[in-house]
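**Student:** Line by line, the protein sequences are chains A and B.
Number 159 in the numbering used here belongs to position 146 of the first sequence; there are no gaps in the numbering.
Number 157 in the numbering used here belongs to position 35 of the second sequence; there are no gaps in the numbering.
Positions of the beta carbon are idealized from the N, C-alpha and C atoms, including for glycine.
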Amino acid sequence: MSYINADSILETIDMIRVHHLDIRTVTLALSLRDCCDADVKIAGEKIYEKITRYAKNLVAMANEIEEEYSIPIINKRISVTPISLVGESCKEYDYIHLAKVLDKAAKDVGVNFIGGFGALVEKGCTRGDIALIESIPEALKQTERICSSVNVASSKAGINMDAVLKMGQTIKQAAQLTADKDGIGAAKLVCFCNVPGDNPFMAGAFHGYGEPECALNVGVSGPGVVRAAIESLPEGTNFSDMANKIKQIAFKITSTGELVGREMAQRMNLPFGIIDLSLAPTPEIGDSVAGIFQAMGLEHAGAHGTTAALAMLNDAVKKGGIMASSHVGGLSGAFIPVSEDAGMIEAASKGCLTFDKLEAMTSVCSVGLDMIAIPGDTPADTISGIIADEMAIGMINKKTTAVRIIPAPNKKAGDKVVFGGLLGEAPIMNVNTLSSSKFVQRGGRIPAPIHSLNN
Amino acid sequence: MQENKSENKIIITVYGADRIGIVAKVANVLAQYNVNIEDIKQTIMQDYFVMFLLGDISKAEKSFKEIKEAIQKAGEELHMEIWVQKKQIFDKMHNI
């Protein structure tokens, strides 16, 4: 009996070399709760020592596995305990110092991003939380590799509108302080509702409470593979068969991620955490979630039917992926970032895809309004209004939603921002210019919703 | 049973324009590195020669990386594209 299955081998190689199948990220998740200290300098030393000790082999191991399976592992990253928790035991808060320590640790172990410079404030803020949030713009300006996330709402706690108001201002300031780079600070800052504590993807990765001391989490990718699978179907294939095809391919993608994750974890002597089976696009041609919509039969992302297409895609990916791994977690769905997806960039540039349509799509995708550039003169209160809407979608639908928007300094609708690399580029999209000020400035909390009478 | 461990199995995929000596050259490298050939399959697909080779590296003294580099060097000399991968990726991806 032959051991060689030529079709399987060629299919796998094609997925990698033609359709951009890759492991998007291996993320070392690490608790820093034992690094608290009354002296911020000592806390910083403990943080640096712990991160560099645990992550010293992360990049080398990832490279070794990449070599053995010939599958690219694009990013190696670290997520840590929300730094508001670690830093608030200090007598004098100095979150900028801690941000610099994290940045240096990330640089020294060779990872491109470290996530967790954030806070969980869905019900209210501690003094440390407030100090951290206020330090975010400066921290993002002074560092290169820090990613920041703040959870401001949940289905159980409601929406912390004080935090939403503050985050509108924080996002605006983060963009302004990095005006020389098109406001890239805001591209590394995200607000969440129902944030998962085991997400390996940036900018929202952090090591949540209830998580172990450390874990190795993996995020896969593969929009190009899904698109190719749909295109391989006979024209006019019905939705049931198309959904099945997506499930099959999602299984294959996720199995590969699981293999890589388990191998990495074993070699680094860490517990395997989860695999996040999100379809993460890149700005490269052929690696686009918008391209999947076109393969499904829509003229472009943004056409009527896009929300239904996304809903089906998201669900089929989960159903196929969950069979392939014992531990699926994180965000696990389809991402729809604008600047990081060539098809979405094109759709937005042509005016096919509007801000409002994107908002509708977030009610069925895995995350939310992601990497959307808006005019630099958008008032902070309007940004808070955008956040409030998005948080409401997550809160009511018991799903994760997020906002990562960039009010690009000195740019107006029709202009373009260019971040380069995986962050890509984006046209500036119009937002509604009606005022949200009086609404978002009321303060307090939007109460948690009723969890019955689901109509 | 070190030999039967799936992590010791590698799949070598070679493709490009057909010519004399492809199998011989790759097999020669494998012999040098003490890699046992367990199965070979070859075909022509869309005018291209494609060869698959299942090898066992459990008796090899050099590392996977060194073996891979040597095979890829042979591929460059043959002007063929060569992929060298641990077999686990195919087993995992295509089996429930």
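Under DSSP, the alpha helix (DSSP H) around Gln207(B) begins and ends at which residues?
**Tutor:** From DSSP, Gln207(B) is part of no alpha helix (DSSP H) but of the beta strand (DSSP E) over Glu203 to Lys208.
**Student:** If distances are taken between C-alpha atoms only, which option among Gly315(A), Cys160(A), Gly57(A) and Cys378(A) comes closest to Phe13(A)?
**Tutor:** No information on residue 13(A) is available, as it lies outside the stretch 14 to 468 that chain A covers here.
**Student:** Counting only Cβ-Cβ distances shorter than 7 Å, please list the residues of the segment 159 to 172 of chain B near chain A, keeping chain order.
**Tutor:** Per Cβ criterion, the list reads Glu160, Asp161, Lys163 and Thr165.
**Student:** Figure out for me which residue from Arg458(A), Gly398(A) and Thr413(A) has the closest Cα to the Cα of Lys451(A).
**Tutor:** Residue Gly398(A) is the option with its Cα nearest to Lys451(A).
**Student:** Run the CB neighbour count on Asn251(A), radius 10 Å, all protein chains shown included, and call it buried at 16 or more, exposed below.
**Tutor:** Exposed, by the Cβ-count rule.
**Student:** Could you tell me whether any Cβ in chain B is nearer than 7 Å to the Cβ of Ile86(A)?
**Tutor:** Chain B, which has no Cβ nearer than 7 Å to the Cβ of Ile86(A), makes this no.
**Student:** Use the C-beta contact count for Lys412(A): other C-beta atoms within 10 angstroms, 16 or more gives buried, fewer gives exposed.
**Tutor:** With 16 or more Cβ atoms within 10 Å of its Cβ, Lys412(A) is classed as buried.
**Student:** Which chain A residues sit within Cβ distance under 9 Å of Gln210(B)?
**Tutor:** Within 9 Å Cβ-Cβ: Glu81, Tyr82, Leu272 and Glu276.
**Student:** Please list, in chain order, the residues of the segment 176 to 201 of chain B that have any C-beta partner in chain A closer than 8 Å.
**Tutor:** Cβ contacts with chain A: Leu176, Phe186, Lys187 and Lys190.
**Student:** Which residue comes first and which comes last in the alpha helix (DSSP H) that contains Thr391(A)?
**Tutor:** Counting along the chain, Thr391(A) falls outside any alpha helix (DSSP H), and DSSP gives it neither H nor E.
**Student:** To which residues of the same chain is Gly304(A) closer than 6 Å at the C-beta, ignoring the five residues directly before and after it?
**Tutor:** For Gly304(A), where only same-chain residues beyond five positions count, the Cβ hits under 6 Å are Arg240 and Gly356.
**Student:** Would DSSP call Asp161(B) helix, strand or coil?
**Tutor:** Note: Asp161(B) maps to strand in three-state DSSP.
**Student:** When the cut-off is 7 Å and only beta carbons count, does Ile133(B) lie next to chain A?
**Tutor:** So, interface residue.
**Student:** Specify the secondary structure class of Tyr108(A) as computed by DSSP and reduced to three states.
**Tutor:** Three-state result, Tyr108(A): helix.
**Student:** Can you check the segment 31 to 82 of chain A for any alpha helix (DSSP H) of at least 4 residues that lies completely inside it and give the ranges in chain order?
**Tutor:** You should have 53 to 68 and 71 to 82.
**Student:** Straight-line CA distance for Gln225(B) to Glu226(A)?
**Tutor:** Residue coverage of chain B in this structure runs from 123 to 218, which leaves residue 225(B) outside it and unanswerable.
**Student:** Flag Lys127(B) as yes if its beta-carbon sits less than 7 Å from any beta-carbon of chain A, otherwise no.
**Tutor:** No, Lys127(B) does not count as interfacial toward chain A.
**Student:** Quick check: is the beta carbon of Gln207(B) nearer than 7 Å to any beta carbon in chain A?
**Tutor:** Yes, Gln207(B) counts as interfacial toward chain A.
**Student:** Do you know offhand how far Asp161(B)'s Cα is from Lys209(B)'s?
**Tutor:** If I take the Cα positions, the gap works out to 13 Å.
**Student:** Over the uninterrupted alpha helix (DSSP H) stretch that includes Asn327(A), give me the two end residues.
**Tutor:** Taken as a continuous stretch (DSSP letters only), the alpha helix (DSSP H) holding Asn327(A) covers Thr319 to Ile335.
**Student:** For Ala360(A), count the other beta carbons within 10 Å of its own beta carbon; 16 or more makes it buried, fewer makes it exposed. Which is it?
**Tutor:** The residue in question, Ala360(A), is buried, as its Cβ has 16 or more Cβ neighbours within 10 Å.
**Student:** Are Leu200(B) and Ile144(B) closer than 7 Å when you measure CB to CB?
**Tutor:** It is a contact, given that the beta carbons lie within the stated cut-off.
**Student:** Looking only at its chain, what residues have a beta carbon closer than 6 Å to the beta carbon of Gly389(A), apart from the 5 residues adjacent to it on each side?
**Tutor:** Counting only Cβ-Cβ distances below 6 Å, and skipping sequence neighbours, we find Pro420, Ala421, Pro422, Asn423 and Lys424.
**Student:** Do Ile127(A) and Arg158(A) have their beta-carbon atoms positioned less than 7 Å apart in this structure?
**Tutor:** Closer than 7 Å, so yes.
**Student:** I'd like to check one pair, Arg458(A) with Asn173(A): are the Cβ atoms closer than 7 Å?
**Tutor:** For Asn173(A) and Arg458(A), yes; Cβs fall inside 7 Å.
**Student:** Nearest-angstrom Cα distance between Lys136(A) and Leu178(A)?
**Tutor:** Looking at the two C-alpha atoms, the distance is approximately 14 Å.
**Student:** Taking C-alpha atoms, which residue in Pro284(A), Thr156(A), Gly343(A) and Asp211(A) lies nearest to Ile197(A)?
**Tutor:** The option with the nearest alpha carbon to Ile197(A) is Thr156(A).
**Student:** Comparing C-alpha positions only, which one of Ala314(A), Phe368(A) and Lys331(A) sits nearest to Ile266(A)?
**Tutor:** Residue Lys331(A) is the option with its Cα nearest to Ile266(A).
**Student:** With distances taken from CA atoms, which of His32(A), Lys194(A) and Cys103(A) is nearest Val431(A)?
**Tutor:** Checking every option, the nearest Cα to that of Val431(A) belongs to Lys194(A).
**Student:** List in chain order: all unbroken alpha helix (DSSP H) runs of 4+ residues lying wholly within the segment 377 to 438 of chain A.
**Tutor:** Here the runs fully enclosed are 393 to 410.
**Student:** For the segment 251 to 278 of chain A, list the alpha helix (DSSP H) runs that are entirely contained and at least 4 residues long, ordered along the chain.
**Tutor:** Runs of the alpha helix (DSSP H) inside the segment 251 to 278 of chain A: none found.
**Student:** Considering only C-alpha positions, which residue in the set Ile218(B), Asp213(B) and Ala146(B) is nearest to Ile132(B)?
**Tutor:** It is Asp213(B) whose Cα lies nearest to the Cα of Ile132(B).
**Student:** Where in the segment 172 to 236 of chain A do unbroken runs of the alpha helix (DSSP H), each at least 4 residues long, occur, reported from the N-terminal end onward?
**Tutor:** Counting whole runs of 4 or more residues, the segment 172 to 236 of chain A contains the alpha helix (DSSP H) stretches 174 to 190 and 197 to 200.
**Student:** Could you give the C-beta distance for Cys204(A) and Ala415(A), rounded to a whole number, given that I count them as a contact under 8 Å?
**Tutor:** That belief holds up - the Cβ atoms of Cys204(A) and Ala415(A) are roughly 6 Å apart, short of 8 Å.
**Student:** For Asp27(A), decide whether its Cβ has a neighbour in chain B, counting only Cβ atoms nearer than 7 Å.
**Tutor:** It does not: the Cβ of Asp27(A) has no partner Cβ on chain B nearer than 7 Å.
**Student:** Mapping the DSSP letters down to three states, classify Val453(A) as helix, strand or coil.
**Tutor:** Val453(A): helix per DSSP, three-state reduction.
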